[in-house]
Every structure is written in C-alpha cells, then in structure tokens.
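Everything below concerns the one structure shown next.
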Amino acid sequence: SGAGGRYALSAPAPGAYVLIASAAGHRPRAVTLAAGARPDGPVERDVVLGGAGRLRGTVTTLEGAPVEDAAVTLTDARGEVVATARTGPGGGYLLTGLLDGDYTLTAGAPGLGPTALAVGVRAEDETWQDVGLAGGGVVCGTVRAPDGRPVEDARVSLLDTAGNTLGTLATGADGVFRFPDLAAGSYTVIASGYPPVATALQVAGGSRTERDVRLGHVG
273 SGAGGRYALS APAPGAYVLI ASAAGHRPRA VTLAAGARPD GPVERDVVLG GAGRLRGTVT
333 TLEGAPVEDA AVTLTDARGE VVATARTGPG GGYLLTGLLD GDYTLTAGAP GLGPTALAVG
393 VRAEDETWQD VGLAGGGVVC GTVRAPDGRP VEDARVSLLD TAGNTLGTLA TGADGVFRFP
453 DLAAGSYTVI ASGYPPVATA LQVAGGSRTE RDVRLGHVG
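Sequential numbering of the sequence shown, starting at 273, is according to this note's numbering.
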C-alpha cells in the first residue's frame, strides 16, 4: 500500500477471491470479495488491521541480577520460532508483532541453565513476563597422590549416567580440575595418571560440587 494506505490489485478473471493484508506491528486480516461483479468500475474494499501483541520482561539470575545478552526465544504450539531477541544491559527484552495465542518463552545465557515458561499473549495488549535463570552446576576438585601432593598432568574425564564423556582435561601444577555449566544430575569423575580412579557424585542445579580424587600407586 502507499503512504495513504491505498492499494490496487488486478484480478486475472471474475470470481471470488481472498484478500489478505498485513503490516509490521499489526495482526494480518483476510477478507473475501467478488471481483468482476461491477463491470462499470473497480471493487473497493477497505481493510482494518488490528494491533498485534507485545511481550516484554527482564531476564535475571535467581538472585535478581540482570542478565545481559541472554538469548530469548518465543515458540508457538507447533514448536516453530515466532520471535527472538537478546537482552540489553538491564536484562530487558521486547518481542513485537505477536498474534493471540499461547506460547513457550525460553531464555538462556552462558553459565546459566535455560528456563522455559508458558505465556499467553493477547493482541493489542502488552504482556509482561520476567524470567529467572539458575546457574549451571560446577564440579571441581583436586587430584592428589597418596601422600596428599597435587598430581600434575593427570587426565580427568567427566561422564554422565549413560557413560558418555562430557569433557576431558589435564590438571596443572596445582592438580585442580573444573567442569562448569552442568545440568542437575549424576556424574562420574575419572582421573588417571596413576591407576584410574572413578568417583560418582550428584550435582544440584546452580550449585558447586567439590570432590578431591586420590590416586594410588601401581602394583
């Protein structure tokens, strides 16, 4: 349409047609009309577009600190992505041009576990939905020899309950290992350098789990 909202379309032949109008920030609208019914002139039909819904809010940690550059995604009931945004310095986000309906709002950031919430949006209204992100769990500790000395260059692996290796690293001179950004669940730490030692542990979401691993001598 032009600056005044006027439009003109040519129909290929007389008959019934569906006219669909849409614009940014508005709900699309479809109307049915008959073209060719007036041989002496064009068919005129005005279309009124309603306003679209907006969804805004703030992404914070569970302690209330704003999370900058968090990824915010809105999906519909079919799982299709409707809108995305990144939070600003204050943790705020804004999604516009939304239709009536129920959606799933997901937010996540590095070092913080993703959170998904159900949210309903109404056209021509602004819905506010804050999102709190829990920190990912951390497994850390020190690999030590039987006499308590830290073991340098020990190979440490983290496994999930299915036996999949989630990460592997070599300890430094202090013998310290650290696996961040873990979901809550059960894990196994395997350290080698002496005969391998496996240690099972439980991690709670957002918590820090420390475990020293002692290696024995061969033989």
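Each residue gets a CB set at the ideal place from its N, CA and C atoms; glycine is no exception. A quick note: this is a predicted structure, and the numbers were derived from the prediction, not measured.
Here Ala-349 carries a coil assignment [DSSP, helix/strand/coil]. Residue burial annotation: Gln-401 is buried, with at least 16 other C-beta atoms found within 10 angstroms of its C-beta.
The residue from Gly-435, Gly-308, Pro-467, Leu-430 with its alpha-carbon nearest to that of Arg-483 is Leu-430. In this structure, the alpha-carbon of Val-290 lies about 5 Å from that of Thr-304.
When secondary structure is reduced to three states using DSSP, Ser-294 falls in the coil class, being assigned neither helix nor strand. When DSSP states are grouped into helix, strand and coil, Tyr-279 belongs to the coil group. Under the 10 Å beta carbon count, Val-339 is surrounded by 16 or more other beta carbons and is classified as buried.
Taking a contact as a CB-CB distance under 8 Å, the pair Ala-463 and Leu-487 counts as one, their CB atoms being some 6 Å apart. Secondary structure at Leu-321: coil, using DSSP grouped into helix, strand and coil. Closest option to Leu-438, judged by alpha-carbon separation, among Val-448, Leu-370, Ala-455, Ala-390: Ala-455. The region 367-381 makes no contact with the region 418-430: fewer than 3 CB pairs, one atom from each, lie closer than 8 Å.
In the DSSP assignment, Leu-487 falls outside any beta strand (DSSP E), carrying neither H nor E. Pairing Val-448 with Gly-413 gives a Cβ-Cβ distance under 9 Å. Annotation: the continuous beta strand (DSSP E) that includes Ala-381 extends over 373-381. DSSP links Glu-316 through a beta bridge to no other residue. Taking 9 Å as the cut-off, the Cβ atoms of Val-393 and Thr-387 do not count as close.
The straight-line gap separating the alpha-carbon atoms of Glu-352 and Asp-453 is approximately 27 Å.
Around the beta carbon of Arg-317, fewer than 16 other beta carbons lie within 10 angstroms, which makes this residue exposed. In the DSSP annotation of this structure, the continuous segment of the beta strand (DSSP E) that includes Pro-386 starts and ends at 384-393.
Looking from the CA of Glu-335, the closest CA among Pro-284, Ala-406, Gly-329, Ala-434 belongs to Ala-406.
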